[in-house]
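One structure is given below, encoded as structure tokens.
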Amino acid sequence: MRKLAAWAFVFALTIGIRDLPGAEPASSNSVTVDDESTPSWAPLDEFLLHRGESKSNVWPTVRPEMRPGAIWWWPNSAVTKNDLSWNLELYRKAGWGNLSIVGIYGVRGEEERAIDLFSPKWFEMYSYTTKEADRLGINIDLTPGGGWRWGGPHVSRDFAEQSFRVDGDAISVLSKRDAVKRAGKGGKGLTVNPYSNAAVTHHLDWFDRLMTAHQGNPPRAFYYDSFENTGNWAPEFLEEFCKRRGYPLEDQAALLGGEGDSEESRRVVADYRRTLSELLIDRVREIAAWGDQRGSGLRMQAHGAPANLLDMYAAASIPETEVFGASKFAISGFRRDPQWIRADQQSDMVNRFASSASHVAGHALTTSESFTWLRNHYHTSLAHLKAESDKLLLNGINSIFYHGACFSPEKTAWPGWLFYASTQANPRNSIFRDIPVLNAYITRCQSVLQSGRPHNDVLLYWPVDDLWMNGGTGEQRFTVHHPDWIEKTACGEAGRWLDKHGYTFDFVSDEQLQKTDCGEADLQTQGGNRYRTVLVPAAKVMTLGTAKRLIELGRDGATVLIWKRLPDEVPGWFDYGEREQQLKNLFKEVDFDADGMSALGRGKLMLHDDLETLLSAAGVEREAMVDQGIQFIRRIDSKQVSYFIANHTSESIDRWVMIASPCQSVVMMDPMTGTSGLAPLRQRNGLTEVFLQIESGETRILRAVVDGEKDLNAWAVKRSVGDPITISRPWELKFIEGGPTLPADASLDRVGSWTELPDDEAKRFAGAVRYTVKVDVPEASSVSQPDGWILDLGDVRESARVWVNDQPIGVVVAHPFRIDLGQHLKNGENELAIEVTNLSANRIRDLDRRGVDWKKFEDINFVDHLYKPFDASKWSLEASGLLKPVTLSPYRLIESLDDIP
Numbered sequence: 004m005r006k007l008a009a010w011a012f013v014f015a016l017t018i019g020i021r022d023l024p025g026a027e028p029a030s031s032n033s034v035t036v037d038d039e040s041t042p043s044w045a046p047l048d049e050f051l052l053h054r055g056e057s058k059s060n061v062w063p064t065v066r067p068e069m070r071p072g073a074i075w076w077w078p079n080s081a082v083t084k085n086d087l088s089w090n091l092e093l094y095r096k097a098g099w100g101n102l103s104i105v106g107i108y109g110v111r112g113e114e115e116r117a118i119d120l121f122s123p124k125w126f127e128m129y130s131y132t133t134k135e136a137d138r139l140g141i142n143i144d145l146t147p148g149g150g151w152r153w154g155g156p157h158v159s160r161d162f163a164e165q166s167f168r169v170d171g172d173a174i175s176v177l178s179k180r181d182a183v184k185r186a187g188k189g190g191k192g193l194t195v196n197p198y199s200n201a202a203v204t205h206h207l208d209w210f211d212r213l214m215t216a217h218q219g220n221p222p223r224a225f226y227y228d229s230f231e232n233t234g235n236w237a238p239e240f241l242e243e244f245c246k247r248r249g250y251p252l253e254d255q256a257a258l259l260g261g262e263g264d265s266e267e268s269r270r271v272v273a274d275y276r277r278t279l280s281e282l283l284i285d286r287v288r289e290i291a292a293w294g295d296q297r298g299s300g301l302r303m304q305a306h307g308a309p310a311n312l313l314d315m316y317a318a319a320s321i322p323e324t325e326v327f328g329a330s331k332f333a334i335s336g337f338r339r340d341p342q343w344i345r346a347d348q349q350s351d352m353v354n355r356f357a358s359s360a361s362h363v364a365g366h367a368l369t370t371s372e373s374f375t376w377l378r379n380h381y382h383t384s385l386a387h388l389k390a391e392s393d394k395l396l397l398n399g400i401n402s403i404f405y406h407g408a409c410f411s412p413e414k415t416a417w418p419g420w421l422f423y424a425s426t427q428a429n430p431r432n433s434i435f436r437d438i439p440v441l442n443a444y445i446t447r448c449q450s451v452l453q454s455g456r457p458h459n460d461v462l463l464y465w466p467v468d469d470l471w472m473n474g475g476t477g478e479q480r481f482t483v484h485h486p487d488w489i490e491k492t493a494c495g496e497a498g499r500w501l502d503k504h505g506y507t508f509d510f511v512s513d514e515q516l517q518k519t520d521c522g523e524a525d526l527q528t529q530g531g532n533r534y535r536t537v538l539v540p541a542a543k544v545m546t547l548g549t550a551k552r553l554i555e556l557g558r559d560g561a562t563v564l565i566w567k568r569l570p571d572e573v574p575g576w577f578d579y580g581e582r583e584q585q586l587k588n589l590f591k592e593v594d595f596d597a598d599g600m601s602a603l604g605r606g607k608l609m610l611h612d613d614l615e616t617l618l619s620a621a622g623v624e625r626e627a628m629v630d631q632g633i634q635f636i637r638r639i640d641s642k643q644v645s646y647f648i649a650n651h652t653s654e655s656i657d658r659w660v661m662i663a664s665p666c667q668s669v670v671m672m673d674p675m676t677g678t679s680g681l682a683p684l685r686q687r688n689g690l691t692e693v694f695l696q697i698e699s700g701e702t703r704i705l706r707a708v709v710d711g712e713k714d715l716n717a718w719a720v721k722r723s724v725g726d727p728i729t730i731s732r733p734w735e736l737k738f739i740e741g742g743p744t745l746p747a748d749a750s751l752d753r754v755g756s757w758t759e760l761p762d763d764e765a766k767r768f769a770g771a772v773r774y775t776v777k778v779d780v781p782e783a784s785s786v787s788q789p790d791g792w793i794l795d796l797g798d799v800r801e802s803a804r805v806w807v808n809d810q811p812i813g814v815v816v817a818h819p820f821r822i823d824l825g826q827h828l829k830n831g832e833n834e835l836a837i838e839v840t841n842l843s844a845n846r847i848r849d850l851d852r853r854g855v856d857w858k859k860f861e862d863i864n865f866v867d868h869l870y871k872p873f874d875a876s877k878w879s880l881e882a883s884g885l886l887k888p889v890t891l892s893p894y895r896l897i898e899s900l901d902d903i904p
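The sequence shown begins at 4 in the working numbering and counts up one residue at a time.
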């Protein structure tokens, strides 16, 4: 019989119940919600990242940046050394490797603990934090200001944000009084003008002076949160405009304001937008250079800025995107919970701007502010987080940051100190109990996706000038919340088509194209990554410089693809008539034949209405696995191509699947369990196919190894034999840890939500309940000797740990809620134990129903997902536990796949 790897998953979290997070003593003196307490569910032991392997080590060695991160808010910086150590140790043991410190508003009643931001006392706490983080293997990032929108008490009106208005033929500059958002003690003040060299320099010099109090390592990176600055002017704007655009803007003030000839007006406005973009990107590059000189990178969110996002993201060493709201998934059993979500819809194309900029520039990491407002507070499950994580990973994000974690003292009343727009990834939230499983999963995925380099074929040109030249007045902001700027354009249409049809791509800007060269067989960007072709998606407007560069690349050997039309306009106002004629003459020299092809030197340009025809002409291969609904992303190194694949369809996949990477073997890896093995492989019609069994909601990593891999066990292929067996015996329930108190034990004839028990304590309980049942295998099974059993837990609310005969088997935190028991079921009677952890929604509901004053935060205090005052008193109870029948399905291992077409 072939060696098995797929059910080699052995539950590593074998700590005693009393050591688990969140337990409150089951006695008449149980801790109540109004008492100060320490969450007693200590983080789970660290997962074994190489479980299930043979001597060959297929998983990369984990570095801190491969672990997930979290925004770590410090309310009024009211921290102590003991509490800092307690927080850091909890988060490290729960699987985090990166924390980003942000000082925010405080907690009412805790004013005496507050520390002025960046005061000597603050830096004493910060220095202690960095030393502790270094001891624990955690990277620390830092916002050089309070809240977000850099600024503070040092910012005078001279360095604050500015805007403009047009009064007739004159431009009037307006001073703005925008303040730092959500700042705490010592961090409040005006916002720095991000377009002004003097203002940014003033801010950095101020921080430099204060930073001298820090004794320790510099932060891994300085953090620039989402660009929510409302200004659109700088003191040097007119001078810089004239220098860059070739004419005085003040002479065309009326056109800037939308008056006069509409054609000339849109061109002047486009020049204003380009100049504003350039000034902002210059400032970002200055900030990045400042950080680099101090041994720190720059982690930056460019979205929301009125700038070329690709260039702005690329200017940072760690570009960061953002997810705001919940995505839609077809995963079987996945709950969307429409009553708890916002209307915001995540845009894959927007997220890809950050990863594209990172790839093209050659940066190692792309991060994401993740999980913001996935659901209303305490309605986000680990299954929600896992699916959203998959989507980010598929979009090229390889360093996920939770949004987030709030510093809270070790001893304080439940639910602790909170941030208003957070997933509440904190030790007092019940999901923290099993969150190390999810974090280990993310770590395994990111360990692969941070290795090698991106393996994408197409550079998809983003024609930002089409947007800057589309009329209107003022700046144009490219936000996460309103993604029409990409989704409703030809560029977005092309990106979605490429993705749907299995073609890999990164967006590229005009400036990045100027720094792209053509090698013997491919294009190479400034960052060193390689592509097969560049695609121009129905651009109407193009600079002469970009048009010339595309033709040069063609002459040098590249295949340049032009979809639907040639651009026929140049951006901007100055001398545009002459420049447009030069553009038209340039393309006239390109002699397209009847098929749209034009030979240029060693390469070619092709103009066509059909994307598939264009890509075929460039020799770009697609990944046909998308035809089965599989989503993927690839990385490449000298030995292999690594695929991260996800089945987000509603159906299981059980078939041969083609991969476009030639190889001698394929290593199959399950990032949820850490198991690995050699996948069944065959060559058919000159193409490589791998046999894939993947349930709805699952992911795999496939490593297509060039020279072959011989030291691994075979990956097990299973076939069900016989019908599933429903466990119908009575279940015993024991409330083992959580609060506010532990309800009495109970018995159930069938599984169901523990909120349906007559005990009122069960209705407000958040924590873990152990379901125990006896299973007699000979009586239940018509199969004499199966090779193993699959346990299907049905509808789990929300995560579960499984034991068979006191042997820990594993943890399930997301769909499908199934687990391979292998041969742990023995003939005769067996005991099955399932510990289910629910959400904290019912417990927070209870606080509001009883009028407990727990919303004690300054500034915005605590709001719901629609930014209305938070009130859980009218919530319905959230179902908790095992809701549907639990089944066992026997299987046998398949030795030969020759009969499978």
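Idealized CB from N, CA, C, for every residue including glycine.
Residue i burial status per 10 Å Cβ neighbour count (16 or more: buried)
i	result
T507	buried
T3	The displayed coordinates of the chain run from 4 to 904. Any statement about residue 3 would go beyond what the structure contains.
Y534	buried
L690	exposed
G150	buried
P24	Its pLDDT being 31, under 50, P24 is placed unreliably by the model, and the measurement read from it follows with that caveat. P24 is buried by the Cβ-count criterion.
S899	exposed
H485	exposed
A597	exposed
Y464	buried
G419	buried
S876	exposed
Three-state secondary structure (DSSP) of residue i
i	result
L368	coil
E391	helix
F240	helix
Q788	coil
E478	coil
C666	coil
F126	helix
M675	coil
N311	coil
T744	coil
Same chain only: Cβ atoms within 6 Å of residue i, ignoring 5 sequence neighbours per side
i	result
I321	A224, G300, R302, L368, T370
Y646	F635, R637, L705
L603	G557, R558
F167	I174, V176, W236
Q453	M69, N401
A81	E113, R116, A117
Cβ pair residue i, residue j closer than 8 Å
i	j	result
S384	E325	no
N845	F768	yes
D726	Y108	no
A318	A291	yes
M545	P466	yes
E712	W659	no
K607	T536	no
V61	V724	no
Cβ neighbours of residue i in the same chain (closer than 7 Å, five flanking residues each side left out)
i	result
S641	none
P674	Y444, R447, C448, T702, I704
P221	R297, G298, S299
Same chain only: Cβ atoms within 8 Å of residue i, ignoring 5 sequence neighbours per side
i	result
W576	R248, Y250, Q255, L258, E267, R270, V271, A273, D274
Residue i Cβ short of 7 Å to the ligand FMN heavy atom set
i	result
E372	As for the ligand FMN, it is missing from this structure, which has no ligand bound.
Notebook entry, point to check: Quick one: any contact between the region 253–263 and the region 194–210, if contact means 3 or more CB pairs under 8 Å?
Noted result: no
Check: Is it true that the region 582–594 meets the region 282–293, where meeting means three or more beta-carbon pairs spaced less than 8 Å apart?
Finding: no
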